[in-house]
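J.: Final position of the sequence shown in the UniProt record's numbering is 139; the numbers increase by one with none missing. Let me give you the structure first, and then I'll get to my questions.
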Amino acid sequence: PMFVQYEWASFLLLYIDMRTEWNRIHTIPCNDSVACADRSTCCKTLKGDWACCPLPEAVCCEDHLHCCPHGTVCNIKASTCDDSSGNAVTPMLGHVSVFPLPKVSNSRCDKSTTCPGKSTCCKTASGGWACCPLNLQLC
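Next up, the structure:
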C-alpha cells in the first residue's frame, strides 16, 4: 500500500508537470502573465488588458471588442470582416477570455546569474554559466 501510494503520487506529479509543459508550448503568450489558446490571437481590450480572438493571426479591430480572420479588414459600421475589395466575408467575432500562465521561478546559478524555469545551471569550461533546458540537475 505505501509503495502504491508513492507510485500514484509520482504519476500525478509527472502528469501535472507534463500538462504544465504542454500548456507552455501550446499557448500564445500575450505577456508574462496571460495567454491565449493555441491557434488564436492576443488582442488589446478597451481597458488595455488582453483578450483572445479564436483565430490564428487574426486582425484585432479598432473597437477593441472584435476581430476578423487574417487577410480581412474590420468594417466596424457593418460589423463585418471585409475582403480587400470591400465585400463582406464574415461577421466580426467577439473576444474570449485569456487564461493565466503559471509562474515559473528561475534557477539561481550564483549571485548574478539565473537560468529560466526549471532549467539546470551548468558550469562552462571557461568558468561561466550555461543553462541546460532539461530539469536533469546534472550537466
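Cβ atoms here follow ideal geometry from the backbone N, Cα and C, with glycine treated the same way.
In terms of alpha-carbon separation, which member of T113, C139, H95 lies closest to G128?
T.: Here residue 128 refers to the residue found at position 128 when the sequence shown is read from its first residue. Ranking T113, C139, H95 by Cα distance to G128 puts T113 first.
J.: Would you tell me roughly how many angstroms separate the C-alpha atoms of G94 and C115, rounded to the nearest one?
T.: To locate residue 94, count along the sequence shown from 1; it is residue 94. To locate residue 115, count along the sequence shown from 1; it is residue 115. Roughly 39 angstroms between the two C-alpha positions.
J.: Check this for me: beta carbons of D82 and T72, under 8 angstroms apart or not?
T.: Start at 1 with the first residue of the sequence shown, and residue 82 comes out as number 82. Start at 1 with the first residue of the sequence shown, and residue 72 comes out as number 72. It is a contact, given that the beta carbons lie within the stated cut-off.
J.: In this structure, how does DSSP classify T113 when only helix, strand and coil are distinguished?
T.: For the purposes of this step, residue 113 is taken as residue 113 along the sequence shown, with counting starting at 1. Coil at T113, not helix or strand.
J.: Could you check the C-alpha separation between A130 and C36 for me, to the nearest Å?
T.: By 1-based counting over the sequence shown, the position of residue 130 is 130. By 1-based counting over the sequence shown, the position of residue 36 is 36. Cα-Cα distance, rounded: 31 angstroms.
J.: Quick check on the DSSP output: the beta strand (DSSP E) that includes A51 runs from which residue to which?
T.: Translated into the one-based positions of the sequence shown, residue 51 becomes position 51. Run containing A51: 50 to 53, per the beta strand (DSSP E) assignment.
J.: With DSSP collapsed to three states, give me the class of T41.
T.: In the sequence shown, counting from the first residue as 1, residue 41 sits at position 41. In this structure, T41 counts as strand in the three-state DSSP scheme.
J.: The beta strand (DSSP E) that contains I28, what's its start and end?
T.: Sequence index remark: in the sequence shown, residue 28 carries index 28 (1-based). First-last of the beta strand (DSSP E) with I28: 27 to 29.
J.: Are S40 and P29 touching if we call contact CB-CB under 8 angstroms?
T.: Here residue 40 is taken as the residue at index 40 of the sequence shown, counted from 1. Here residue 29 is taken as the residue at index 29 of the sequence shown, counted from 1. No, these two residues do not count as a Cβ contact at 8 angstroms.
J.: Buried or exposed, going by whether 16 or more other CB atoms sit within 10 Å of the CB of T80?
T.: Taking the first residue of the sequence shown as position 1, residue 80 is located at position 80. Under this definition T80 is a buried residue.
J.: To the nearest angstrom, report how far apart G86 and G117 are at their CA atoms.
T.: To locate residue 86, count along the sequence shown from 1; it is residue 86. To locate residue 117, count along the sequence shown from 1; it is residue 117. About 47 angstroms.
J.: Strictly by DSSP, which residues pair up with D82?
T.: What you label residue 82 is simply residue 82 of the sequence shown in a count that begins at 1. Paired residues: V73, A88.
J.: Only counting the same chain, and skipping five residues up and downstream in sequence, which positions put a Cβ closer than 7 angstroms to that of P100?
T.: Along the sequence shown, read from residue 1 onward, the residue named residue 100 stands at position 100. The answer, listed in chain order, is S33, V34.
J.: Alpha carbon to alpha carbon, how far is C43 from E57? Give it in angstroms, no decimals.
T.: Position 57 of the sequence shown, counted from the start, is the residue given in the question as residue 57. Position 43 of the sequence shown, counted from the start, is the residue given in the question as residue 43. Computed Cα separation, rounded: 10 angstroms.
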